[in-house]
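Novice: I'd like to ask some things about the structure below.
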Amino acid sequence: MSEFEILLRGELLRDGERILYASSTVTFIDDGIFVIVDTGSEDKRDELREKMREVGISENEIDVVFNTHAHRDHTGNNEIFRNARILAPEGEHRDIARAEISPERISENLRVLRTPGHTWNHASLMMDERVCCAGDAIPTADNLREWVPPRINVSRELALESMRVIVESSELIIPGHDEMVKRDMVNKWLKS
């Protein structure tokens with residue numbers, strides 16, 4: 001079974017429809033290999049390194065960085081992981097330095113889940129078929145609470161379908177810019 005730790009909680013500051021600031025959630029996974037899901041914005045580099053020190057890992061020990069998509073608020077610190085393979089969904093990989101197309105499985109317990117909508121090629125990462133690092137398929141808990149797609153999307157229908165797939169297949173959801181949410185809470189919100 002994979003162990004994970006949220007190193008940095010994502011942030012998303014808005015002024016109405018305008019995004020003023022964004023930095024993704026950064027998740028560390030130990031599944032026999034060390035994996036980082038999304039790396040946040042560049043301005044979070046010192047904070048990320050400090051949190052990694054607190055957890056007892058260094059950037060040189062990371063085997064794989066998985067980027068859910070190519071936006072800079074999710075890839076801003078990729079370059080510090082010099083020894084890691086950088087993996088990204090096909091189509092997104094072209095816009096990320098050193099990125100390779102991610103296989104369907106990164107390890108026995110880590111499965112790449114296609115979740116288009118925010119971008120055409122967005123993908124999330126499933127841990128043990130119960131925890132989903134959703135990236136911007138689900139940017140915030142409010143997307144689930146109000147059942148609305150990411151404001152920035154290429155297809156409202158695809159985005160909502162990706163949200164549905166994530167909720168149905170996950171006990172815990174790690175949004176791209178918010179705290180972790182349990183499926184039970186999502187079900188409660190949707191019933192009210």
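Residue numbers (the working numbering): 1 to 192.
Note that CB positions come from ideal geometry on N, CA and C, so glycine has one too.
Predicted, not measured: the structure shown is a model, and the values here were computed from it.
Using beta-carbon positions only, say whether A134 and D95 come within less than 9 Å of one another.
Specialist: no
Novice: Pick from V165, L160, E168 and L144: whose alpha carbon is nearest that of M180?
Specialist: L144
Novice: Can you tell me whether A84 is helix, strand or coil according to DSSP?
Specialist: coil
Novice: Check I166 in the structure and name its three-state DSSP category.
Specialist: Of the three classes helix, strand and coil, the one that applies to I166 here is helix, per DSSP.
Novice: According to the Cβ coordinates, are I6 and V26 closer than 9 Å?
Specialist: yes
Novice: Is it buried or exposed for L190, if we count other Cβ within 10 angstroms and need 16 for buried?
Specialist: exposed
Novice: Quick one: residues in its chain with C-beta nearer than 8 Å to the C-beta of M127, no 5 flanking neighbours on either side, listed in chain order?
Specialist: For M127, where only same-chain residues beyond five positions count, the Cβ hits under 8 Å are S2, F4, I29, D31, N109, L110 and C133.
Novice: I need the boundaries of the beta strand (DSSP E) containing V186, first residue and last residue.
Specialist: Run containing V186: none in the beta strand (DSSP E); it sits in the alpha helix (DSSP H), R183 to K191.
Novice: Let me know the alpha helix (DSSP H) ranges lying completely inside the segment 8-95, each 4 residues or longer, listed in chain order.
Specialist: 45-55 and 72-75
Novice: Ends of the alpha helix (DSSP H) at R242?
Specialist: The structure shown does not extend to residue 242, since the chain is modelled only from 1 to 192, so the question has no answer here.
Novice: Could you tell me if P103 is buried or exposed, where buried requires 16 or more neighbouring beta carbons within 10 angstroms of its beta carbon?
Specialist: Note on P103: under 16 other CB atoms within 10 angstroms of its CB, so exposed under the neighbour-count rule.
Novice: I think N77 touches R45, with their Cβ atoms under 8 Å apart; what is that distance to the nearest whole Å?
Specialist: Your pair N77 and R45 checks out as a contact, with CB atoms roughly 5 Å apart and the cut at 8 Å.
Novice: Tell me whether the beta-carbon of V167 lies closer than 9 Å to the beta-carbon of V154.
Specialist: no
Novice: Tell me which same chain residues have a C-beta within less than 6 Å of the C-beta of E92, skipping the five on either side of it?
Specialist: H69, A70 and N121
Novice: Go to R111, then tell me how far its beta strand (DSSP E) extends in each direction, as first and last residue.
Specialist: L110 to R114
Novice: Since I33 contacts S107 with CB under 8 Å, what's their CB separation in whole angstroms?
Specialist: 6 Å
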